[in-house]
Amino acid sequence: MPIFYEKRQIVTPGDLLAEDEYISGENTYKENEKIFATRVGLFDHDQKRVYVVALKSFYVPMVGDTVIGKVLEVTFGGWVVDIRAPYPAMLRASDALERPVRPQRDDLPSLFDVGDMMIAKIVAYDRTRDPLLTVLERGLGKVTRGQTIEITPTKIPRVIGKKGSMVSMIKNETGCQIAIGQNGRIVIIGKTPDDERSAIMAIRMIEREAHTSGLTDRVTEMLRKEKGEKSTKEVVENVPKET
Amino acid sequence: MKTSQKKPEKLIDEKDIRYDGRKLNEMRPVKIEVGVLANADGSAYIEQGKNRILAAVYGPREIHPKHQALPDRAALRCRYHMAPFSVQERKSPAPSRREHELSKVIREALEPSIFTEYYPRTAIDLFIEVLQADGGTRCAGITVASLALADAGIPMRDLVCACAAGKVEDRLILDLDDLEDKSEGADVPIAYMPNMDVVTLLQMDGMLTSEEFEQVLNMGVEGCRQISQLQRDALRAKYTAAKEAEAEKEDEAEEAKE
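Going line by line, the protein sequences match chains P and C. For reference, each letter of the first sequence is one residue, going 1 to 243 in our numbering. For reference, each letter of the second sequence is one residue, going 1 to 258 in our numbering.
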């Protein structure tokens, strides 16, 4: 069972990765007992499976994913939502209202208007149907404040970290609420704009250095340094006032 | 019109050296860059001799107009276009008969490489803009478009590379430029997927005997392999550059700490 690349080596589409009994994992395909890469990415494998961690990709909807969407259009029965996927998503009015719609009475734009951001979950999607969303769970619904940033969807797992270690660290260090959509959008709600700024800095740093190890520690360090600088600055600013 | 491009009397001399100093089976110098446009999902740029070509990819995205949607796969929409200033005499910016045809053959050369069946009812839009033309733009266009697709993160079976070979003054040569293309003889553009060993585009104009054709085909495929290597290097370079910059920054940070 030969393997032709080392772990974490960059591969390009069409590169022959392995032969024979391996299982073709993410971003690979198998033909005539040979496994090839389908995307640019970092090669990796375990005992049975050969896969490529893509360096750049786009979001493909999956049932059960939490996504952050932006309302494109208000229609009679619901909303058309952009979730950064190749397909537009639908949110039914009856879902958001929790009862059947009365088109004469219900004012849909008052719930979600064009341009509003929402945290939603995908309840149905397949090759023939566009994704269908719901907002009827804890933590879902309209985003009323904070900031949204976008990163490549492939790097979302890195932002979350092992068992959520990375996000919870950023939450603790900055005191921000953070909601992560699998589609590469992240909502950050902080007590002050400065808190939000440092959280964004941390996420941008993760995005840039996603392929390096020991990242959580370095991000923690960066955030603490950032905090330290700010507090010393405040002290310096305060000193002249006092004298 | 400038007369700088005077036709030399002979395109190939007695020692088998071409008018621009190349050997018979030598390609023009190639420079490729990936990810040059910020607004496109994927992009690439190629310089092959005097050719300069940009390619941009958008998608897969919602298809408009809706009736173009295919129920079982993504629709690849391709536009090959030459800038008005790309040739000696101003070219009208309106798409010509030739550009329509090239858009079609390029689309058909690239489609087998893409897993279009993964994203039914969507569109993948591909734009190839020739900024400066000097023969063999369809081949360079295919090479650069394939890179732009890979840069957009679209899953592909293989990268497609392309190269022309042909006959000029009774000798078989690789990678014809504009002057050689316009002389009598033959021109055979080939697009090829090296890892799958599949030819996706094969055209010929001019006359060749069947033995000559076979030789030209082998020569062209060999040229494609060379292009393919450059293509893969360029694609890797984009990401290794980013990686190295990161490593350097880390080093600097560590030095600063010390």
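For every residue, glycine included, the Cβ atom is placed at its ideal position computed from N, Cα and C.
Same chain, Cβ closer than 6 Å to residue i, neighbours up to 5 away in sequence not counted
i: Gly132 (chain P); result: The sequence as given places Leu at residue 132 (chain P); Gly does not occur at that position. Hits under 6 Å: Met90, Val123, Ala124.
i: Gln203 (chain C); result: Pro189
i: Tyr19 (chain C); result: Pro8, Leu11
i: Asp72 (chain C); result: Pro120
i: Gly49 (chain C); result: Arg28, Asp134, Asp177
i: Gln68 (chain C); result: Ala75
Same chain, Cβ closer than 7 Å to residue i, five either side skipped, listed in chain order
i: Gly175 (chain P); result: Gly190, Lys191, Asp195
i: Gly78 (chain P); result: Met90, Leu91, Arg92, Ala93
i: Tyr80 (chain C); result: Glu99, Leu102, Ser103, Ile106, Ile128, Gly141
i: Gly228 (chain P); result: none
i: Glu267 (chain C); result: Because chain C here runs from 1 to 258, residue 267 (chain C) falls outside it and cannot be looked at.
C-beta contact flag for residue i and residue j at 7 Å
i: Val71 (chain P); j: Asn183 (chain P); result: no
i: Ile142 (chain C); j: Ile106 (chain C); result: yes
i: Ile190 (chain C); j: Gly220 (chain C); result: yes
i: Ala164 (chain C); j: Leu176 (chain C); result: yes
i: Ala55 (chain C); j: Ile128 (chain C); result: yes
i: Gly59 (chain C); j: Lys56 (chain P); result: no
i: Glu221 (chain P); j: Lys155 (chain P); result: no
i: Val160 (chain C); j: Leu126 (chain C); result: no
i: Ala123 (chain C); j: Ile63 (chain C); result: yes
i: Thr148 (chain P); j: Arg185 (chain P); result: yes
i: Arg52 (chain C); j: Leu131 (chain C); result: yes
i: Lys34 (chain P); j: Glu19 (chain P); result: yes
i: Gly42 (chain C); j: Val30 (chain C); result: no
i: Gly14 (chain P); j: Asp158 (chain C); result: yes
i: Leu24 (chain C); j: Asp16 (chain C); result: yes
i: Pro109 (chain P); j: Val74 (chain P); result: yes
i: Ala247 (chain P); j: Val219 (chain P); result: Residue coverage of chain P in this structure runs from 1 to 243, which leaves residue 247 (chain P) outside it and unanswerable.
i: Arg225 (chain C); j: Pro194 (chain C); result: yes
i: Tyr59 (chain P); j: Pro193 (chain P); result: no
i: Gly69 (chain P); j: Val81 (chain P); result: yes
i: Met166 (chain P); j: Thr128 (chain P); result: no
i: Ala44 (chain C); j: Val199 (chain C); result: no
Own chain, CB closer than 8 Å to residue i, minus 5 neighbours either side, in chain order
i: Leu208 (chain C); result: Lys167, Ala186, Val188, Val216
i: Asp106 (chain P); result: Ala93, Leu97
i: Met156 (chain C); result: Ser113, Ile114, Phe115, Ser146, Leu149, Ala150
Residue-chain proximity (residue i, chain B), Cβ-Cβ < 7 Å
i: Thr116 (chain C); result: The displayed structure is made up of protein chains P and C, and chain B is not among them.
**Prompt:** What are the complete alpha helix (DSSP H) segments, minimum 4 residues, inside the segment 69–97 of chain P?
**Reply:** 93–97
**Item:** Inside the segment 76–128 of chain C only - alpha helix (DSSP H) runs reaching at least 4 residues
**Value:** 97–110
**Message:** With three or more beta-carbon pairs closer than 8 Å as the criterion, would you say the segment 104–117 of chain P touches the segment 141–155 of chain P?
**Reply:** yes
**Prompt:** Touching or not, the segment 18–37 of chain C and the segment 72–91 of chain P, by the rule of three or more beta carbon pairs under 8 Å?
**Reply:** no
**Asked** Of all the residues that make up the segment 79–113 of chain P, which are near chain C by a beta-carbon distance shorter than 8 Å?
**Response** Pro86, Tyr87, Pro88
**Prompt:** For the 8 Å Cβ check, are there 3 or more pairs between the segment 41–48 of chain P and the segment 10–20 of chain P?
**Reply:** yes
**Request:** May I have a chain-ordered list of the beta strand (DSSP E) segments no shorter than 3 residues that lie completely inside the segment 116–144 of chain P?
**Result:** 117–126, 129–134, 141–143
**Residues of the segment 5–31 of chain P whose Cβ lies closer than 9 Å to any Cβ of chain C, in chain order** = Ile10, Val11, Thr12, Pro13, Gly14, Asp15, Leu16, Asn27, Tyr29, Glu31
**Asked** Given a limit of 8 Å on CB to CB distance, which residues of the segment 124–149 of chain P reach chain C?
**Response** Arg127, Thr128
**Message:** Restricting to runs no shorter than 4 residues, where is the alpha helix (DSSP H) found entirely within the segment 147–213 of chain C?
**Reply:** 178–182
**Request:** Name, going along the chain, the residues of the segment 51–76 of chain P whose beta-carbon falls closer than 9 Å to a beta-carbon of chain C.
**Result:** Ala54, Leu55, Lys56, Ser57, Phe58, Val60
**Asked** When Cβ atoms are compared, which residues of the segment 35–50 of chain P fall closer than 8 Å to chain C?
**Response** Phe36, Thr38, Arg39, Val40
**Message:** Output needed in chain order: residues of the segment 64–78 of chain C with a Cβ under 9 Å from some Cβ in chain P.
**Reply:** Pro71, Asp72, Ala74
**Item:** Contiguous beta strand (DSSP E) assignments of at least 3 residues, all confined to the segment 171–201 of chain P
**Value:** 177–180, 185–189
**Prompt:** Listed in chain order, which residues of the segment 19–36 of chain C have Cβ atoms closer than 7 Å to some Cβ of chain P?
**Reply:** none
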